[in-house]
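Peer 1: For the sequence shown, the positions run 1255 to 1479 when the working numbering is used. Where a beta carbon is used, it is the ideal one built from N, C-alpha and C, also for glycine. Everything numeric in this text was worked out from a predicted model, so none of it was measured.
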Amino acid sequence: MPAVIEAVNVGRTFKAPKGALRVLSGLTLSIGNGETIAITGASGSGKSTLLQILGCLDRPTAGQIIIEGRETSSLSDRELASLRNASMGFVFQFHHLLPEFCAWENVAMPLLVRGQSLAQAEETSRKILGGLGLEDRAEHKPNELSGGEQQRVAIARAVVARPLVLLADEPTGNLDRATGQNVAQLLWELNQNTGIALVIVTHNQEIAQRAQRTLELKDGTLWTR
Ligand SMILES: Nc1ncnc2c1ncn2[C@@H]1O[C@H](COP(=O)(O)OP(=O)(O)O)[C@@H](O)[C@H]1O
Ligand SMILES: [Mg+2]
């Protein structure tokens, strides 16, 4: 079975006022089916840049990103977006839920975008919220939810369309310690129950330790810790 995501010799350079800013360089990583990987690294080391590239939200300036055996550099933006929609789920430090929609409507959004009927999308969304302990929060708008609940809804939205991999960029960074542990626990359970691969960027050592592999991003590349 091919790796879910393979990064081969990936580089990412940004144009900067004083020449080029090289953030990633010669970075190679293979994410297996159902694997859990924690990525740590100093602020500004390129962790978010890496996740955006792994998730095909951004393109590398060198090297290759291969999704399930499919090399992506020759894909058009539209093809890349459809591959991303089919294979990737994202969770960020801030939930990015749509404020005017309630929890189940937010979760249903990726299904509606795929052309599912409203009734079908609502049923699936309520089911997944129930599985995450949010059954009685389904009608609440984001500002009526606690930080931990908001993040759980964001996770539900990220996985509702059954992606192969969940890319989480400091998903507990905005939560207190106990709430952060709860949210992290939920991510591990999702991995165990559904087999979704998980790549989590975190500064929290307790969380990082639970991943099968912990890698540190430093000098543009990943180091085994
Ligand atoms: N779109 C961009 N344009 C220019 N520089 C960027 C861009 N995105 C990130 N950077 C720079 O790349 C470096 C790494 O940023 P980032 O990936 O956000 O780091 P981290 O997530 O590890 O804190 C930083 O110096 C940042 O300023
Ligand atoms: Mg970041």
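Specify whether the region 1394-1408 and the region 1341-1356 touch according to this definition: at least 3 beta carbon pairs, one from each stretch, less than 8 Å apart.
Peer 2: Output reads yes: the region 1341-1356 touches the region 1394-1408.
Peer 1: Exposed or buried, what is ARG1368 when buried is set at 16 or more other beta-carbons lying within 10 Å of its beta-carbon?
Peer 2: Classification for ARG1368: exposed.
Peer 1: At a cut-off of 7 Å, would you count PHE1348 as near ligand 1, judging by its Cβ distance to the nearest heavy atom?
Peer 2: The answer is no for PHE1348.
Peer 1: Whole angstroms are fine: how far does the CA of ALA1408 sit from the CA of ALA1426?
Peer 2: Note on identity: in this sequence residue 1426 is Thr, with Ala being the wrong assignment. Going by the C-alpha atoms only, they are around 12 Å apart.
Peer 1: With distance defined between alpha-carbon atoms, name the residue in THR1478, ASN1263 and PRO1353 nearest to ARG1467.
Peer 2: The shortest C-alpha separation from ARG1467 is found at THR1478.
Peer 1: Beta-carbon within less than 6 Å of VAL1277's beta-carbon, same chain only, minus the 5 sequence neighbours each way: which residues are those?
Peer 2: Excluding positions up to five away in sequence, the list reads ARG1266, GLY1300 and THR1303.
Peer 1: Quick check: the Cα distance between THR1315 and VAL1264, rounded to an integer number of angstroms?
Peer 2: Between THR1315 and VAL1264, the C-alpha separation is close to 8 Å.
Peer 1: On the DSSP letters alone, give me the boundaries of the alpha helix (DSSP H) that GLY1401 sits inside.
Peer 2: It spans 1401-1413 - the alpha helix (DSSP H) in which GLY1401 sits, taken as one unbroken run.
Peer 1: Starting from the N-terminal side, write out each stretch of the beta strand (DSSP E) that is 3 residues or longer and does not extend beyond the region 1257-1333.
Peer 2: Complete beta strand (DSSP E) runs here, min 3: 1259-1270, 1273-1285, 1290-1294 and 1316-1321.
Peer 1: Distance check for ALA1261 and LEU1476, CA to CA, integer angstroms please.
Peer 2: Spanning the two alpha carbons is a distance of roughly 11 Å.
Peer 1: With GLY1309 and MET1342 assumed to form a contact (beta carbons below 8 Å), what rounded beta-carbon distance in angstroms separates them?
Peer 2: The Cβ separation is near 5 Å, so the contact holds.
Peer 1: Taking just the CA atoms, how far does MET1255 sit from GLY1449?
Peer 2: Spanning the two alpha carbons is a distance of roughly 14 Å.
Peer 1: Rounded to whole angstroms, what's the CA-CA distance from VAL1453 to SER1371? Just pull it up for me.
Peer 2: Each residue's Cα considered, the two are about 31 Å apart.
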